[in-house]
Structures are given as structure tokens and as C-alpha cells.
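Residue numbers (this note's numbering), protein chains in the order written: chain A, 1 to 406; chain B, 1001 to 1406. Okay, structure first, notes after.
There are 2 protein chains.
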Amino acid sequence: MNKPSIVVLGAGYGGMVTTVKLQKSLGINEADITLVNKHDYHYQTTWLHENAAGTLHHDRTRIAINDVIKLNKVNFVKDTVISINPKENKVRLKNGELSYDYLVIGLGFEAATFGIPGLDEHAFTIGSINRARLIREHIEYNFAMYNNENEPNDARLTIVVGGGGFTGIEFVGELANRVPELCKEYDIDKHKVRIINVEGAPTVLPGFDPDLVEYAMNSLEARGVEFKTGALLKECKADRIIIEKDGKPEEIPTMTTVWAAGVRANSIVEASGFETNRGKIQVREDMRAPDYDNVFVVGDCALVMNEESGRPFPPTAQIAIQMAETVAHNVKSLAAGSGEVERFEPKILGTVASLGHDDAIGVVLNNRKVFGFMATVMKKVIDNRYLLKLGGPGLLVKKGKFNIFY
Amino acid sequence: MNKPSIVVLGAGYGGMVTTVKLQKSLGINEADITLVNKHDYHYQTTWLHENAAGTLHHDRTRIAINDVIKLNKVNFVKDTVISINPKENKVRLKNGELSYDYLVIGLGFEAATFGIPGLDEHAFTIGSINRARLIREHIEYNFAMYNNENEPNDARLTIVVGGGGFTGIEFVGELANRVPELCKEYDIDKHKVRIINVEGAPTVLPGFDPDLVEYAMNSLEARGVEFKTGALLKECKADRIIIEKDGKPEEIPTMTTVWAAGVRANSIVEASGFETNRGKIQVREDMRAPDYDNVFVVGDCALVMNEESGRPFPPTAQIAIQMAETVAHNVKSLAAGSGEVERFEPKILGTVASLGHDDAIGVVLNNRKVFGFMATVMKKVIDNRYLLKLGGPGLLVKKGKFNIFY
């Protein structure tokens, strides 16, 4: 008997949940399941800004793949995907090649810098464990350098965050909490430190409820964050950025620019010849790619339109996890022979943005607004629920966030 | 009644012990005592290599001056000394000027780079809390960067230490202990890391007992340290060094060069017109400068010849502390009017060099050799004894090293 082979590319939210579900629903005699990932760990992308700020160690954010995947049920291949050849049902890896009967593409996002000069060379992005801890070290290095120069350079103490969306706002919130610790560690007057958020739209968190946006800005400004809204980042250099606000250029000396204003789907998708919309694969109702009945897409590489708003659903962890449940169900059906597939129906349960460990804002079921302490608790409950889903109580105990009162 | 004013410059081992002794022996009606120091803390220079390696936090190494000095008995001036005018009994500070009746110069050392090209620009020195924590951050930053570049650059994982004397050897010992932690933190294969010690003499720790030197080299080599003895550091660049061994040049790619092969007295001493020998003031028997009866010198700025060897006593903490006791006694005698001065007679009680937290070598009373566990305990006892002398049991409990079994 020829078992179908299922290959899952990427161990982000989408790929990981898909694999865990398949591991549970398919017996080892029913299918060969292979998971391919660059690292031997999964990480919670939504926690990386905390690692980057230095408020949470990255080992709390990452999860060893073999803590969740049973290696006697799933083959794990630690390798980098180079390209996909959907016509021949093959995937080329850096160190080999894989064939598949069913493919799940969960290759995630990459930073989009829109051709803004200097961003690729001089700005950091919060896209992986490696990147996040580099940002942490870069900030610490500049603080350590400050008292070692004859002419203290205030640009070492200025951190610019491009983008007032979710990631940018959550990151400045963590930075605001981190700065007093950094100042103590390196004997620096905290009034010399600047955290500047630059956002092109007239307000940060565009699309969020205005009352909550105001609450967030007040909370962050009280902790020293400066906002430059309606301002475009025009150029990034090693020691400064140039922004444009009200038609006028402004230069801000800084050694640390973090770009959190744009992501796009992994460019492998487009380069592999899939039909794309905004760089993503606009999937069918059952999460399959338009032209291939055996290729599913999950997470940030998949585009699903929200009929109500006429815009795509945002690339969030929540959506990726829900997609993964549909994908796992459908792959299992096809691989095990029933052939019945279900359609993906996202349910937005709510959105909570943290503003540091001690404050948050959110909108939950039925558009109820929450903020402050209750919102921080909800944020942690959401994070913990994911861990429970992914790896059961053991993983929850190991990696969960229970420190609601600190 | 006109109280004499005593000014102590520098809160290193010499200046600090002098001030503490004077504070005890002179009543507030007998003299005005002023201590001038750049920082509001004293630090144990002999522990800085641990801060630089990242094996001990710098807050363990530094001691707030007002933890030891009673501010109702001693005026503390946080300022930087610019120059001394001994003819007019004045000291110029960055933010003011002081007059004195008696002066104690304890301005310590600075790095001597002997004109080797690139050392001033590209090498680090372990000379202060600020420098030490910058080295720690520089190493961490390079480890963090390693997995973020398309072409991993092994020079980021190579640390070159120039000088196989006391500081250089103690530093590589700490680094050898630190590397496994760094590799775990940044997901790096520890076989890629190199720690290289470069020493011009045919052996490291020149002057030390050959058996102990062999023991030290074996201990360090077993933990991955490479030695280049009989090798001269010819040039330092941002991304490599050039050494010369057996007449042949050799290039070592490295992003981190730490220069621990030369110190000289603070150059303010020479610039202020004192008669100097090797940059230091060759003091009289009672620790006074040759030409000025009211100027004492203590620590690394003072040169005292060892009649037996015909060479100067080495600039160690042990000698500085002993000098300070003589200086404090003599200043007190002159200020309080008795006029009796004693001569400085150094007693070398022993010398212990650590090789990381778990190994050490030393020579103690009567030239007895010690190594291994017993030597590490002795090292800690010596350090603790100093704390007890400086600040009593309270300071010992706060900053002492009691972790002999880890």
C-alpha cells in the first residue's frame, strides 16, 4: 500500500498547528508527515518584540519542535526551503529535495521596506529569534558605549520605531518599561533617552477604536514615548533618519531604527510561480491554491478576503491558527480518502495589544472595549490558550505567562 | 584656628584606603578632608576582567563611595582632575579648583599602547567599569550578529587578548568559562569560538614559577584557550590583528581585541610637572614626592624601588593598599602636628592569579606554591579581607565572594 506523503513547510503558527492536528488525526499507517523548518524550534512571533526590548528572554518565546511534535509520527527536516515546484510536486531545500502528495505552505512573512533608502542596510526588523536578540544587544551596546566616548553621543540613546501598527506599538510599550533598567545598568540619566514612534497615518493603530487609541497614546506618552504621526520615513542612515511631516523634512539622530511598518509574504511563494495577489496566494474557500488541488496555504502566505470589509483578513496569529485547523481537517480528509473538505470561516474573537507588561488595550467579543489591567490579563490568557492548544498542559506550564501582577 | 586641608585625588585602592584611614584617625576639628573622584563609586580594579567577560556583574565590583566614606567627616567632590599645580598648592578640576595644605595623589593607571598602530582606535582595555561592561556588550553583540549574516563571519567569535601577564591570563580564564554560556544564548557551535592569548615573552606570566605557569597553561588550553608566546602584536584593525612570531607575520581575523599588555601612570602626573621615572613619581621613603613636602603619592602613580631585585615593585592592589596605610599615617602626623613620619616597607604576602572561577595558581608566604581549588579559595579570602579592611563586616557581607564551591 502506498501511503500518501504530506509535507508541511514552515513551523510558524500555521505550519505548527497544522502538523500537530495531523499528527493527532492520522495514524502512522495512513500517511507520512514531514515538517520542514529552518530551525529546530518554533517561536511565538507575537512575543518577539519583548525579546527585542529585552523584557523577556527569547527562550521563553521559542519552543523546541520535538517538545510538541512526536518524532516517531512526524519526520522533522531541519533545512531551508529554496523553492517549490508545484507542477512536479517537489520542494527544493538547501541540502536536498522532497516530493509530496500534499503540500502545506506555511512559510510566513518577511519585512517589506518599500524601497525606502537605507532601510535594508541600517534598520532592524523584528522577524525572528535571531533578529530579536540582535536588537536587544544592539541597544545594550549603544547604552554601554555612551559613557565611553569623550563626546557623549545622544543618538546612541534614541530608538526610532517605524510603524505605529500592532508590532510597533507593542514594541515601544516594552521599550518604555525597559529603559529605566537600561539606565540603571549603564549609569545613564533616563531623561536623555528618547523612544520615537513614526507613523504615516494620522493616528497610530489605524482601524482601532479611537477611544482605545487615545488611551494607548496617553499611556505610552506618560512613560516617555514620543509620537510622530502623519510622518513618513524617507531615509535611514547608520546614525540618523530623515522623516517628512507636513511637507517638511526633519532629521533625527539615532543609532537604532527598528522597522515595524511593513511585512509581505515570504518571497519564495511568488518566485515559485504561484499566482499571487499582493505577494500572497489568494486561496480557495478550502484553503487550497487556485491551480493545484494538492497544495494548501496557511498563515501569512495565504490571502483570504473579508467580504464585509472588502479587504483581506489581517496576517495575525489568530487567523493563522484558525486557518491551520481547516487545512489540517482538509488534508486529513483527502489523504485518508474521504475527500470531504470544509470551508474556512474565520471568527475574530478579539484583538488585544499590549502596551508593556502593565498595560494593554483591546476589543473583544461583541466589540467590547477593554483596557488597563483587565486587558493585560486577557492578553496573557490568549497567549496561554495557544500554548495549551499546541502542546497541552505540559507546554503551558513550561512557557505560559502567569505573572499578571508584576 | 585654621584647620589644615587634606585633598585626596582618586578613589582607587590607594586613595580609598588613605581616606578611610584618615577619616578614622583625624577628628573633624583637626582637619578638613576632601576626596575627589570622577565617579561616585570605587571599584575593585582586580575584578574588572570578570565584568568584562560577563561572569560577574559590575555592581558586585563597585562600591558606592558613601557606603564607605562618612560624608559628615569627609567632603566628597565628584569631578575630574585636570591638572595639579604643586607650587601653588592647587588642583584644577573640570568644574572648579581646590586648594590644599596636604595632597595625596592616587590617580591610578591608564593603558599604554606603545604606539602600536590601531590599538588606540580598535582595541579595548579593561580599565574601568565603563570599559569593562562595554567589552562584555561588544562580545555579546558579535555573538548575536553571527547568526544574522548570510555569510557567517568567524572573526566575530574570535577574541584576542594582548598580553599574558596577570590581567590577560585572568581574563582568558574567565572567557573560557563564559563561552559555553554565550554559545547557548546565541545558538552557536562552541567549536567555532577561539580565545587567543598573545604574549611577547617566551612564556606567559613572566617571572612566575615555571611549574605554576605550566599548570596555568594546561588548565586554560584544556578549556580551549590558544597561546601565541614569543609573538608581538604589530597592528590592530577593526576586523583583524597582525602578529609577528619567529620573524614571520601572521594575520588573525577578529572583531575583538583586548589589550592587557601595558599600563602607565595617569599622565596628569607627568603633565603637572612632577619629576618622573617611567611616568611615575619616584617617592621618598615616607611616600612624599621629591620636591614637595606636602605632596604624597599612592598606588600606581608612585614608584618604589625593590632594593633586592633592583626593579620597581609591581603596580598591584596589595602594594597600593600598603602604601595607603603609610600615607595615611604620615599625613595624619603632619596635619595633627606631631611631624613624625614612618617609612614605607612593603610586605609581599603572596600573589594569586585566578584562571576562571574554578582554578587558580599562586605563590604565598615563604614561596609556597598553591594551585587548583585551594588557590581559588585563597584568592577569595584575599579579596574579602580587603573589603573587611575598607568597609567593615557590612561591606564584606554586601560585596564579598563566598561562592567557593560553584
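The C-beta atom is built at its ideal place from N, Cα and C for all residues, glycine as well.
Go ahead and pull the three-state DSSP assignment for residue i.
{"i": "B/Y1057", "result": "In the sequence under discussion, the amino acid at residue 1057 of chain B is His, which differs from the Tyr named in the question. Note: B/H1057 maps to coil in three-state DSSP."}
{"i": "A/N148", "result": "coil"}
{"i": "B/M1305", "result": "strand"}
{"i": "A/T254", "result": "coil"}
{"i": "A/R264", "result": "strand"}
{"i": "A/L98", "result": "strand"}
{"i": "B/V1297", "result": "strand"}
{"i": "A/P393", "result": "helix"}
{"i": "A/I65", "result": "helix"}
{"i": "A/T272", "result": "The amino acid at residue 272 of chain A is misidentified as Thr; the sequence shows Ser. Looking at A/S272 - three-state DSSP - the assignment turns out to be coil, as it is neither helix nor strand."}
{"i": "A/V77", "result": "strand"}
{"i": "A/F447", "result": "Nothing in the structure corresponds to residue 447 of chain A, since chain A is present only between 1 and 406."}
{"i": "A/Q23", "result": "helix"}
{"i": "A/H39", "result": "coil"}
{"i": "A/T45", "result": "helix"}
{"i": "B/L1093", "result": "strand"}
{"i": "B/G1015", "result": "helix"}
{"i": "A/D291", "result": "coil"}
{"i": "A/E285", "result": "coil"}
{"i": "A/K87", "result": "coil"}
{"i": "A/A155", "result": "helix"}
{"i": "A/E30", "result": "coil"}
{"i": "B/A1111", "result": "strand"}
Between residue i and residue j, what straight-line distance do the alpha-carbon atoms span, to the nearest angstrom?
{"i": "B/T1046", "j": "A/K398", "result": "40 Å"}
{"i": "A/D120", "j": "A/D211", "result": "35 Å"}
{"i": "B/I1126", "j": "A/L232", "result": "43 Å"}
{"i": "B/G1356", "j": "B/G1173", "result": "4 Å"}
{"i": "B/D1291", "j": "B/L1388", "result": "35 Å"}
{"i": "A/K280", "j": "A/R264", "result": "8 Å"}
{"i": "B/N1330", "j": "B/D1101", "result": "14 Å"}
{"i": "A/E308", "j": "A/F143", "result": "48 Å"}
{"i": "A/G394", "j": "A/I65", "result": "14 Å"}
{"i": "A/V81", "j": "A/A375", "result": "38 Å"}
{"i": "A/V49", "j": "A/G164", "result": "Reading off the sequence, residue 49 of chain A comes out as His, not Val. Distance between the alpha carbons of A/H49 and A/G164: 13 Å."}
{"i": "A/V160", "j": "A/F371", "result": "25 Å"}
{"i": "A/L349", "j": "A/L365", "result": "6 Å"}
{"i": "B/E1342", "j": "B/L1022", "result": "15 Å"}
{"i": "A/R60", "j": "A/L396", "result": "11 Å"}
{"i": "A/S338", "j": "A/R284", "result": "19 Å"}
{"i": "B/D1359", "j": "B/F1373", "result": "6 Å"}
{"i": "B/G1115", "j": "B/S1267", "result": "15 Å"}
{"i": "A/F344", "j": "A/R133", "result": "35 Å"}
{"i": "B/K1087", "j": "B/L1303", "result": "21 Å"}
{"i": "A/A328", "j": "A/N37", "result": "18 Å"}
{"i": "B/T1276", "j": "A/R131", "result": "52 Å"}
{"i": "B/G1391", "j": "B/V1104", "result": "20 Å"}
{"i": "A/I242", "j": "A/P312", "result": "31 Å"}
Write down the C-beta distance between residue i and residue j rounded to the nearest angstrom, noting that I regard them as a contact closer than 8 Å.
{"i": "A/G106", "j": "A/C301", "result": "7 Å"}
{"i": "B/D1032", "j": "B/K1003", "result": "5 Å"}
{"i": "B/V1007", "j": "B/V1091", "result": "6 Å"}
{"i": "A/G362", "j": "A/V352", "result": "3 Å"}
{"i": "B/F1227", "j": "B/V1204", "result": "6 Å"}
{"i": "B/H1058", "j": "B/N1051", "result": "4 Å"}
{"i": "B/A1260", "j": "B/T1167", "result": "4 Å"}
{"i": "B/A995", "j": "B/R1223", "result": "Because chain B is modelled from 1001 through 1406, residue 995 of chain B falls outside the range shown and cannot be assessed."}
Looking at residue i and the ligand SAH, is the gap between the Cβ and the nearest heavy atom below 7 Å?
{"i": "A/Y292", "result": "The model on display carries no ligand, and the ligand SAH is accordingly not part of it."}
At which residue ranges does the segment 166–245 of chain A contain complete alpha helix (DSSP H) runs of 4 or more residues, listed in the order of the chain?
Runs found: 166–186 and 210–222.
Would the segment 182–193 of chain A count as touching the segment 135–151 of chain A if we require 3 or more Cβ pairs under 8 Å?
Yes, the segment 182–193 of chain A is in contact with the segment 135–151 of chain A.
At what residue ranges does the segment 308–360 of chain A contain a whole run of the alpha helix (DSSP H), taking only runs of 4 or more?
Those alpha helix (DSSP H) runs which fall completely within the segment 308–360 of chain A and span 4+ residues are 317–336.
If we count Cβ pairs, one from each stretch, closer than 8 Å, do we get three or more for the segment 252–270 of chain A versus the segment 151–166 of chain A?
Taking a contact to require three or more Cβ pairs closer than 8 Å, the segment 252–270 of chain A and the segment 151–166 of chain A qualify as touching.
Stretch pair the segment 1205–1221 of chain B + the segment 1242–1251 of chain B: three plus CB contacts closer than 8 Å:
As far as the Cβ criterion goes, the segment 1205–1221 of chain B does not touch the segment 1242–1251 of chain B, which means the pair count is below three.
Answer yes if the segment 188–203 of chain A comes into contact with the segment 371–382 of chain A, meaning at least three C-beta pairs across the two stretches below 8 Å, and no otherwise.
The segment 371–382 of chain A and the segment 188–203 of chain A do not touch, with fewer than 3 CB-CB distances between them shorter than 8 Å.
Are the segment 1223–1232 of chain B and the segment 1066–1073 of chain B touching by the rule of at least three beta carbon pairs closer than 8 Å?
Between the segment 1223–1232 of chain B and the segment 1066–1073 of chain B there are fewer than three inter-stretch CB-CB distances shorter than 8 Å, so the stretches are not counted as touching.
As an exercise, report each continuous beta strand (DSSP E) stretch of at least 3 residues that is fully enclosed by the segment 1359–1389 of chain B, in chain order.
Correct list: 1360–1364 and 1368–1371.
Does the segment 308–321 of chain A come within contact of the segment 13–25 of chain A, defined as at least 3 CB pairs closer than 8 Å?
They touch, by the three-pair rule.
At least 3 beta-carbon pairs within less than 8 Å: the segment 132–143 of chain A vs the segment 320–328 of chain A
Segments in contact, no.
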